[in-house]
Amino acid sequence: MMKGQWRRWGDHVNKKERGIRNLYAWNRLLSCPVCQGSVSVVPEGRLVCGDGHSFDVARQGYVNVLTGAVNSAYSKELFHARAKVIQETPLYRALHKNVGKLMDREAKKQDGVYRIGDFGCGEGSHLALLLEGRSNWMGAGLDLSKEGIQAATDHEDTPAVWLAADLVNVPLKTGSLDVALTILSPSNYKEMKRVLKPGGLAVKVIPGPGYMKEIRDFFQQNRRDAKENEALISRFEEAFDDVKAVSVKTAPAVTAPLRKELCRMSPLAWHAEEGEKERYEKEGAARLTMDLVVLTGRLPQ
Ligand SMILES: [Zn+2]
Numbered sequence: 069m070m071k072g073q074w075r076r077w078g079d080h081v082n083k084k085e086r087g088i089r090n091l092y093a094w095n096r097l098l099s100c101p102v103c104q105g106s107v108s109v110v111p112e113g114r115l116v117c118g119d120g121h122s123f124d125v126a127r128q129g130y131v132n133v134l135t136g137a138v139n140s141a142y143s144k145e146l147f148h149a150r151a152k153v154i155q156e157t158p159l160y161r162a163l164h165k166n167v168g169k170l171m172d173r174e175a176k177k178q179d180g181v182y183r184i185g186d187f188g189c190g191e192g193s194h195l196a197l198l199l200e201g202r203s204n205w206m207g208a209g210l211d212l213s214k215e216g217i218q219a220a221t222d223h224e225d226t227p228a229v230w231l232a233a234d235l236v237n238v239p240l241k242t243g244s245l246d247v248a249l250t251i252l253s254p255s256n257y258k259e260m261k262r263v264l265k266p267g268g269l270a271v272k273v274i275p276g277p278g279y280m281k282e283i284r285d286f287f288q289q290n291r292r293d294a295k296e297n298e299a300l301i302s303r304f305e306e307a308f309d310d311v312k313a314v315s316v317k318t319a320p321a322v323t324a325p326l327r328k329e330l331c332r333m334s335p336l337a338w339h340a341e342e343g344e345k346e347r348y349e350k351e352g353a354a355r356l357t358m359d360l361v362v363l364t365g366r367l368p369q
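Going left to right, the sequence shown walks through residues 69 to 369 as our numbering numbers them.
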């Protein structure tokens with residue numbers, strides 16, 4: 069018997085095939101970003117609409133549906149650091165627990181498949197962790213940055229499609245999502261509302277006033293202004309019904325190697341000089357305040 073003959077079929081599936089398979093699970097829910105018509109998945113790896121607009125599945129398994137060139141400010145290095153910090157440290161654990169509970173509550177309503185879209189998913193770590201162990205959920209990760217979406221395809225076991233897309237022109241059909249999620253990212257509520265099912269749940273995570281205050285203080289950045297949050301919350305309240313705000317606050321320990329990754333990841337440190345970053349790595353505070361606010365709201369039935 070040849071070695072490897074007993075391997076599961078899934079082991080042989082490469083990234084592109086896996087991407088195509090995940091896209092099939094979203095067949096009839098994807099729309100063309102050019103003409104808004106229905107798109108279908110072509111087996112060899114393409115999305116095609118009735119008007120002939122076509123988007124190839126990249127060899128990594130994602131689809132770039134961007135219709136123009138985009139200058140992304142975010143580098144591969146940033147996404148690598150983000151992936152490490154989000155997946156390998158406890159910094160966002162309380163947030164994942166909170167959002168995960170919201171998903172579980174939605175999924176109790178009836179049997180079947182539930183769908184979540186992450187708007188501005190970056191390298192997909194939040195979405196991948198939220199989908200872990202939730203077998204009745206499927207995800208769509210959307211981000212303007214092709215580099216982020218490319219990195220997201222490393223979550224090979226995650227049942228999600230990864231789409232490089234404009235968040236004001238999302239390639240999903242009206243009413244296709246149970247949950248529209250956006251974490252620490254600017255939002256287009258008009259699009260989020262369009263793609264939610266009637267009665268669907270919008271979840272927006274914003275930084276609380278104390279978010280990463282140790283990094284802000286070290287690099288002498290202003291603390292977050294409480295008024296900024298009030299404005300964000302009232303915009304969310306204008307868009308959705310039954311709005312609730314829950315504060316998720318922890319202060320996990322951070323080690324020097326983690327402080328190094330945080331310097332790569334956080335815009336708060338990007339403009340600092342190398343020497344200052346090294347000093348933060350060595351002498352920065354031993355705990356980091358993770359002050360996040362989870363806003364939830366509903367689309368009317
Ligand atoms: Zn089209």
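Yeah, the Cβ is synthetic: ideal placement off N, Cα and C, and Gly gets one too.
Which listed residue (the options) has its alpha carbon closest to that of residue i
| i | options | result |
| --- | --- | --- |
| residue 296 | 361, 158 and 112 | 361 |
| residue 150 | 227, 315 and 215 | 215 |
| residue 268 | 280, 356, 250 and 246 | 246 |
| residue 144 | 238, 197, 218 and 236 | 218 |
| residue 279 | 241, 351 and 336 | 336 |
| residue 138 | 108, 211 and 194 | 211 |
| residue 277 | 115, 317, 251 and 349 | 317 |
Three-state class that DSSP yields for residue i in the structure shown
| i | result |
| --- | --- |
| residue 162 | helix |
| residue 297 | helix |
| residue 358 | strand |
| residue 313 | strand |
| residue 327 | helix |
| residue 150 | helix |
| residue 366 | strand |
| residue 209 | strand |
Same chain, Cβ closer than 8 Å to residue i, neighbours up to 5 away in sequence not counted
| i | result |
| --- | --- |
| residue 311 | 301, 304, 305, 363, 364 and 365 |
| residue 146 | 332 and 333 |
| residue 111 | 88 |
Cβ-based burial, residue i [other Cβ within 10 Å; buried from 16]
| i | result |
| --- | --- |
| residue 118 | exposed |
| residue 92 | exposed |
| residue 329 | buried |
| residue 99 | buried |
| residue 194 | buried |
| residue 78 | Low confidence applies to residue 78: its pLDDT is 49, below 50, so where it sits in the model is not reliable, and the reading given next is rough at best. Classification of residue 78: exposed, given that the 10 Å Cβ count is below 16. |
| residue 324 | exposed |
| residue 281 | buried |
| residue 122 | exposed |
| residue 327 | buried |
Contacting residues, own chain, Cβ-Cβ under 6 Å from residue i (five flanking each side not counted)
| i | result |
| --- | --- |
| residue 129 | 83, 84, 86, 87 and 221 |
| residue 208 | 185 and 229 |
| residue 264 | 245, 248 and 367 |
| residue 232 | 132, 134, 214 and 217 |
| residue 32 | For the chain, the structure presents residues 69 to 369; residue 32 sits outside this window and is missing. |
| residue 142 | 213 |
| residue 243 | 265 |
| residue 55 | Since the displayed the chain opens at 69 and closes at 369, residue 55 lies outside it and no answer follows. |
Span of the alpha helix (DSSP H), counted from its first residue to its last, around residue i
| i | result |
| --- | --- |
| residue 285 | 281–286 |
| residue 46 | In the structure as shown, the chain begins at 69 and stops at 369. Residue 46 is therefore absent and cannot be evaluated. |
| residue 92 | 83–92 |
| residue 249 | Note, residue 249: premise wrong, no alpha helix (DSSP H); beta strand (DSSP E) at 245–251. |
| residue 219 | 214–220 |
| residue 343 | 342–351 |
| residue 193 | 193–199 |
Residue i, enclosing beta strand (DSSP E) - first and last residue
| i | result |
| --- | --- |
| residue 273 | 264–275 |
| residue 122 | 122–124 |
| residue 117 | 114–117 |
| residue 187 | 182–187 |
| residue 28 | The question about residue 28 has no answer, for the chain in this structure spans 69 to 369. |
Contacting residues, own chain, Cβ-Cβ under 7 Å from residue i (five flanking each side not counted)
| i | result |
| --- | --- |
| residue 199 | 205, 207, 226, 227 and 228 |
| residue 387 | Nothing about residue 387 can be reported from this structure: the residues present for the chain run from 69 to 369 only. |
| residue 321 | 354 and 355 |
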